[in-house]
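Student:
Residue numbers (the working numbering): 54 to 217.
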């Protein structure tokens with residue numbers, strides 16, 4: 054049985070990783086596709102498929118990695134922690150992935166593209182601030198999260214621009 058501190062760390066690790074990756078992967082892909090001039094419907098469909106596949110893939114990876122750790126720690130028969138990690142990862146990735154996707158549902162690409170990026174960067178700032186609250190470094194972590202995530206978004210935009 055894992056201690057409360059380990060369960061809290063498991064929750065935080067999977068939540069932050071899932072939200073960050075859900076935001077950055079989704080907005081990076083959508084931005085790259087949008088900048089290449091793809092129609093809005095195709096962008097939206099691609100985003101929906103990405104979110105489902107990646108949320109499941111990330112959850113599976115989280116389950117397998119946590120199960121491996123539990124097995125190394127001698128808890129072979131107890132997979133509750135790895136199941137919890139997978140559920141947290143799936144929910145975090147899926148819900149965060151909707152943030153950059155939803156502008157493409159309502160707006161044309163010219164409006165959705167910047168809204169998707171701005172909403173994702175703002176969400177990254179909030180995530181960084183929230184995850185840094187207990188360390189008295191909330192703003193530093195907020196800026197770091199937005200900066201690193203912003204670099205990944207830029208990669209998507211550049212890839213779309215180069216390949217268009």
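Cβ coordinates follow ideal geometry from the N, Cα and C atoms, glycine included. Given the structure is predicted, the values throughout are model-derived calculations rather than measurements.
1. Quick check: what's the CA-CA separation for residue 86 versus residue 155?
2. Taking C-beta to C-beta, are residue 139 and residue 112 nearer than 7 Å?
3. Quick check: what's the CA-CA separation for residue 123 versus residue 92?
4. For residue 98, does the count of other Cβ atoms within 10 angstroms reach 16, so buried, or fall short, so exposed?
5. Out of 81, 142 and 84, which has the shortest C-alpha to C-alpha gap to residue 65?
6. State the start and end residues of the unbroken alpha helix (DSSP H) segment that holds residue 132.
7. Ends of the alpha helix (DSSP H) at residue 176?
8. Take the Cβ of residue 207 as the centre, count every other Cβ of all protein chains shown within 10 Å, and call the residue buried at 16 or more, exposed below.
9. From residue 102 to residue 216, what does the alpha carbon distance come to, in whole angstroms?
10. Between the region 166-174 and the region 187-196, are three or more C-beta pairs nearer than 8 Å?
11. Mapping DSSP to helix, strand and coil, what is residue 67?
12. What are the start and end residues of each continuous alpha helix (DSSP H) run of 4 or more residues lying completely inside the region 82-152, in chain order?
13. With DSSP run on the structure shown, which of helix, strand or coil describes residue 190?
14. Between 96, 88, 177 and 56, which lies nearest to residue 145 when the distance is taken from Cα to Cα?
Tutor: Inspection of the coordinates gives the following:
1. For the pair residue 86 and residue 155, the Cα-to-Cα distance works out to about 15 Å.
2. Contact flag set, yes.
3. When the Cα atoms are used, residue 123 and residue 92 turn out to be separated by approximately 46 Å.
4. With fewer than 16 other Cβ atoms inside 10 Å of its own Cβ, residue 98 counts as exposed.
5. Closest by alpha carbon: 142.
6. Segment: none, residue 132 is in no alpha helix (DSSP H) and carries neither H nor E.
7. For residue 176, the enclosing alpha helix (DSSP H) has its first and last residue at 162-185.
8. Per the 10 Å Cβ criterion, exposed.
9. Taking the straight line from one Cα to the other gives about 21 Å.
10. Contact between the region 166-174 and the region 187-196 is absent, because fewer than three Cβ pairs lie under 8 Å.
11. Residue 67 falls in the helix class under three-state DSSP.
12. The region 82-152 is shown to contain whole alpha helix (DSSP H) runs of 4 or more residues at 93-125, in chain order.
13. Looking at residue 190 - three-state DSSP - the assignment turns out to be coil, as it is neither helix nor strand.
14. When only C-alpha atoms are compared, the closest one is 177.
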